[in-house]
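Trainee: I have a structure here, written as structure tokens, and I will follow up with some questions on it.
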Amino acid sequence: MPGAMRQSTSNLELLTIYEVSKILGSSLDLQQTLREVLRALAYQLQMHRGRVYLVGEDNVLRLVAANGLSNEAAAQIEFRDGEGITGRILKTGMPAVVPNLAEEPLFLNRTGGREDLDEQVASLVGVPIKAAGVVVGVLTIDRISDEGPQGHFGSDVRFLTMVANLIGQTVRLHRTVAEERRFMMRETFRMQKELRPIAAPINDVVCTSPNMLEVMAQVHRVAPFKSTVLIRGESGTGKELIARAIHNMSPRKDAPFIRVNCAALPESLLESELFGHEKGAFTGAQKDHKGRFELASGGTLFLDEIGDISPNFQAKLLRVLQEQEFERVGGSKTIKTDVRLICATNLNLEEAVGHGKFRADLYFRINVVTIHLPPLRERRQDIGPLARHFVAKFAKDNGMNLVMEDEALEVLNRCTWPGNVRELENCIERAATQSRDGIIRTESLSCSLNLCNSSVLFQYRTLGASVGGLAPSMGPGSVNRVPPGRPGVPAPANAPKTPAMPAPVPEPAGAGAAGPARAPGPCPRPSPLRGPPPPPGRGSPLSLPPPPPRVPPPPPP
Numbered sequence: 002m003p004g005a006m007r008q009s010t011s012n013l014e015l016l017t018i019y020e021v022s023k024i025l026g027s028s029l030d031l032q033q034t035l036r037e038v039l040r041a042l043a044y045q046l047q048m049h050r051g052r053v054y055l056v057g058e059d060n061v062l063r064l065v066a067a068n069g070l071s072n073e074a075a076a077q078i079e080f081r082d083g084e085g086i087t088g089r090i091l092k093t094g095m096p097a098v099v100p101n102l103a104e105e106p107l108f109l110n111r112t113g114g115r116e117d118l119d120e121q122v123a124s125l126v127g128v129p130i131k132a133a134g135v136v137v138g139v140l141t142i143d144r145i146s147d148e149g150p151q152g153h154f155g156s157d158v159r160f161l162t163m164v165a166n167l168i169g170q171t172v173r174l175h176r177t178v179a180e181e182r183r184f185m186m187r188e189t190f191r192m193q194k195e196l197r198p199i200a201a202p203i204n205d206v207v208c209t210s211p212n213m214l215e216v217m218a219q220v221h222r223v224a225p226f227k228s229t230v231l232i233r234g235e236s237g238t239g240k241e242l243i244a245r246a247i248h249n250m251s252p253r254k255d256a257p258f259i260r261v262n263c264a265a266l267p268e269s270l271l272e273s274e275l276f277g278h279e280k281g282a283f284t285g286a287q288k289d290h291k292g293r294f295e296l297a298s299g300g301t302l303f304l305d306e307i308g309d310i311s312p313n314f315q316a317k318l319l320r321v322l323q324e325q326e327f328e329r330v331g332g333s334k335t336i337k338t339d340v341r342l343i344c345a346t347n348l349n350l351e352e353a354v355g356h357g358k359f360r361a362d363l364y365f366r367i368n369v370v371t372i373h374l375p376p377l378r379e380r381r382q383d384i385g386p387l388a389r390h391f392v393a394k395f396a397k398d399n400g401m402n403l404v405m406e407d408e409a410l411e412v413l414n415r416c417t418w419p420g421n422v423r424e425l426e427n428c429i430e431r432a433a434t435q436s437r438d439g440i441i442r443t444e445s446l447s448c449s450l451n452l453c454n455s456s457v458l459f460q461y462r463t464l465g466a467s468v469g470g471l472a473p474s475m476g477p478g479s480v481n482r483v484p485p486g487r488p489g490v491p492a493p494a495n496a497p498k499t500p501a502m503p504a505p506v507p508e509p510a511g512a513g514a515a516g517p518a519r520a521p522g523p524c525p526r527p528s529p530l531r532g533p534p535p536p537p538g539r540g541s542p543l544s545l546p547p548p549p550p551r552v553p554p555p556p557p558p
């Protein structure tokens, strides 16, 4: 009978080993796999409270799988080398048997649940988990008996050692795969970084802010192609500079770069400038004249402020863009041209199309690749480098040594800069002319001299009045100039109207007569106007008309 019992136990252990091997190869989730192994040990061989500990990268032994414990509770349990029974197994690399846990001083009971040791005898069997001869963890189980500690645990130690060896090989395999994945990810990232085109610096473009670095990368990507580019941004953001950069980095860099400011010429003269004219086409046309499309053939034509051309001329321009051919004014000969077109505008073209002020077909013709230039107030990281660049430029142009104090840079960082980079350059030049010892200090800046109207201009922009090409805020019935990246879309006819802004409250008599209305301090952030700007000749260097009143919409029927 004892022989038959031993044979039955051996068969059960062999079956359990088979089940454990299947479990270990069934999933890539190591923690879930180890819990399933412990569950099989408890079901097949009545081994209670199974625990699997693994050594982490910091050489701390942590509980990763346990019967009767959640993952969150198990993650809080750890042992140092030589600490408690489990730590002793890790340190020595030898199995350990505790016949009676109630009498073992090394038992720390960190996993809890051993308050019943006075009622029944619990024995612990623990074996090291090894992989390639290195201890990587510990496997422990409990044996529960009501009759006292068992005298022989040899079979349990042998069986658990086989299970621990299987677990060790699985842990090693998982860690090898994880390390290979990390290596492949590092290599992939390194190769992507090496192959990624680096946005080389562009002459006269000074930037460190992330949004401008993305603009530079976009310029490098679009430059090699012939695609039409639409550059959008507020006045003074450097649209022509970006257009020249695209041309200089393109295959057409050795051909002409021709610029036309569409807003500076009347329609009749603009047609002659772009298409040319024949001798005698109109009064004063004493000889043939080549237009900009003809002069720029093989190169790049930059149409600045394209949103300001008349609807009549938009139709003529559309035909040239579609057919790449035109006739001179007063001529009948068709001239072929090969130009790359770059357009720029600070208008909200989407709203202009919605109001019928810009042709939709021309909009779709020029809106192929769009580059949005952020205003200076949205790229404040660039204010300091730009200021130093303009200081160095002024010093070089005038043959002098010039530096700027950090306190003055802090003042510049607080400004709203409605005129963007152009306004910053002018501010630096004014301050440089006021410096007496080659140092631009806070008192040299216009705001310290009560000559800075940036905040006033920003308030007019906020109230919706267009001042010298500055972008007013969105308002019904107007073609607004908006910051890049936020193209406006015409609101539906039944959309709710925005409440009208109340009219500015007049200032008390005698207040603000010494200068423009602004909050105290250099270059303040925008604050509500307390009254219209003073009339010319009364102490304000900038005379602006009051913003137009806003009439509230009639109540809905």
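Each residue of the sequence shown is one higher than the one before, counting from 2 in my numbering. C-beta atoms are modelled at their ideal positions from N, C-alpha and C, and glycine is treated no differently. The structure displayed is predicted, hence computed values, not measured ones.
Are the CB atoms of Tyr44 and Thr87 nearer to each other than 9 Å?
Mentor: Going by C-beta atoms, Tyr44 is not nearer than 9 Å to Thr87.
Trainee: Enumerate in chain order the residues of its own chain whose CB-to-CB distance from Ser11 is below 7 Å, with the five nearest sequence positions on each side excluded.
Mentor: There are no such residues.
Trainee: Please work out which residues of its chain come closer than 6 Å, Cβ to Cβ, to Leu342, disregarding the five sequence neighbours upstream and downstream, and give them in chain order.
Mentor: Excluding residues within five positions, the ones whose Cβ falls inside 6 Å are Thr229 and Leu302.
Trainee: Can you find the residues in the same chain that come closer than 7 Å, C-beta to C-beta, to Arg245, ignoring five residues on each side of it along the sequence?
Mentor: These residues qualify, in order along the chain: Phe258.
Trainee: Could you tell me if Ser27 is buried or exposed, where buried requires 16 or more neighbouring beta carbons within 10 angstroms of its beta carbon?
Mentor: Burial call: exposed.
Trainee: Please list, in chain order, all residues of the same chain as Ala75 whose beta carbon is under 6 Å from its beta carbon, the five residues on each side excluded.
Mentor: Leu64 and Ala67, listed in sequence order.
Trainee: Using CA coordinates, which residue listed in Gly357, Pro96 and Asp362 is at the minimum distance from Arg320?
Mentor: Comparing Cα-Cα distances from Arg320 to each of Gly357, Pro96 and Asp362, the minimum goes to Asp362.
Trainee: With distances taken Cα to Cα, identify the nearest neighbour of Leu125 among Ala103, Gly138, Val135 and Lys131.
Mentor: That would be Ala103, whose Cα lies nearest to the Cα of Leu125.
Trainee: Out of Glu430, Leu322, Glu351 and Arg176, which one is the CA nearest neighbour of His390?
Mentor: Looking at the Cα atoms, Glu430 is the closest of the given residues.
Trainee: Take Thr209 and list the residues in its own chain whose beta-carbon comes closer than 7 Å to its own, dropping the five residues that flank it on each side.
Mentor: For Thr209, where only same-chain residues beyond five positions count, the Cβ hits under 7 Å are Gln382, Asp383 and Pro386.
Trainee: Using DSSP bridges, identify the partner residues of Lys337.
Mentor: Glu326, per the DSSP bridge assignment.
Trainee: What are the start and end residues of the alpha helix (DSSP H) that includes Val422?
Mentor: Element bounds for Val422: Asn421 to Gln435.
Trainee: Could you give the first and the last residue of the continuous alpha helix (DSSP H) run that contains Leu273?
Mentor: This sequence places Ser at residue 273; Leu is not what is there. Counting along the chain, the alpha helix (DSSP H) containing Ser273 begins and ends at Glu268 to Phe276.
Trainee: Unbroken alpha helix (DSSP H) runs of length 4 or more, entirely within the segment 239–263: which are they?
Mentor: Counting whole runs of 4 or more residues, the segment 239–263 contains the alpha helix (DSSP H) stretches 240–249.
Trainee: Which partner residues does Pro59 have in the DSSP bridge list?
Mentor: Before going further, note that residue 59 is Asp rather than Pro in the sequence given. DSSP, once it has assigned bridges, lists no residue as partnering Asp59.
Trainee: Closest to Leu62 by C-alpha separation, out of Val392, Val137 and Glu444, would be which residue?
Mentor: When only C-alpha atoms are compared, the closest one is Val137.
Trainee: In the DSSP assignment, find the unbroken beta strand (DSSP E) run with Phe303 in it and report its ends.
Mentor: Looking at the DSSP string, the run of the beta strand (DSSP E) that includes Phe303 is Thr301 to Asp305.
Trainee: List the whole-angstrom C-beta distance separating Leu31 from Val172, where the pair is believed to meet the contact cut-off of C-beta under 8 Å.
Mentor: The pair is a contact, with the Cβ atoms about 7 Å apart (cut-off 8 Å).
Trainee: When you compare only the Cα positions, how much space is there between His356 and Leu270?
Mentor: C-alpha separation (whole angstroms): 26 Å.
Trainee: Using the three-state DSSP reduction, which class does His290 fall into: helix, strand or coil?
Mentor: Strand, per DSSP.
Trainee: Are the beta-carbon atoms of Glu306 and Phe276 separated by less than 9 Å?
Mentor: No, they are not a contact pair.
Trainee: With the cut-off set at 9 Å, would you say Val38 and Val164 are in Cβ contact?
Mentor: Yes, Cβ-Cβ distance for Val38 and Val164 is below 9 Å.
Trainee: Just the Cα atoms here: how many angstroms apart are Asp339 and Ala388?
Mentor: Each residue's Cα considered, the two are about 39 Å apart.
Trainee: Residues in its own chain within less than 8 Å of Glu328 by CB, not counting five upstream and five downstream?
Mentor: Excluding positions up to five away in sequence, the list reads Phe276, Lys334, Thr335 and Ile336.
Trainee: Cα-Cα, which of Arg52, Leu46 and Met48 is closest to Leu35?
Mentor: Measuring from the Cα of Leu35, the nearest candidate turns out to be Arg52.
Trainee: Suppose you measure from the CA of His221 to the CA of Asn212; what does that come to, to the nearest Å?
Mentor: Roughly 15 Å separates the two Cα atoms.
Trainee: Buried or exposed for Ile145, please, with buried defined as at least 16 other CB atoms from any protein chain shown within 10 angstroms of its CB.
Mentor: Looking at its Cβ environment, which holds fewer than 16 other Cβ atoms inside 10 Å, Ile145 is exposed.
Trainee: One question on the structure: do Asn414 and Gly420 come within less than 9 Å of each other, judged by their Cβ atoms?
Mentor: Contact flag unset, no.
Trainee: Confirm, please, whether the CB-CB distance from Ile130 to Arg50 is below 9 Å.
Mentor: Against a cut-off of 9 Å, the Cβ pair of Ile130 and Arg50 comes out as no contact.
Trainee: Under the rule that 16 or more other beta-carbon atoms within 10 Å means buried, what is Leu29, buried or exposed?
Mentor: Leu29 should be labelled exposed.
Trainee: Leaving aside the five residues before and after Ile24 along the sequence, list all residues of the same chain whose C-beta is less than 7 Å from its C-beta, in chain order.
Mentor: So the list reads Thr34, Glu37, Val38 and Ala41, once near-sequence residues are dropped.
Trainee: Alpha carbon to alpha carbon, what distance is there between Glu406 and Leu266?
Mentor: Cα to Cα, Leu266 sits roughly 43 Å from Glu406.
Trainee: In or out: Phe80 buried (at least 16 other Cβ within 10 Å) or exposed?
Mentor: The residue is buried, with at least 16 neighbouring Cβ atoms inside 10 Å.
Trainee: Ala432 and Ala396 - do their beta-carbons sit closer together than 9 Å?
Mentor: No. Outside cutoff.
Trainee: Just to confirm the assignment, what range does the beta strand (DSSP E) spanning Ala123 have?
Mentor: Residues Val122 to Ala132.
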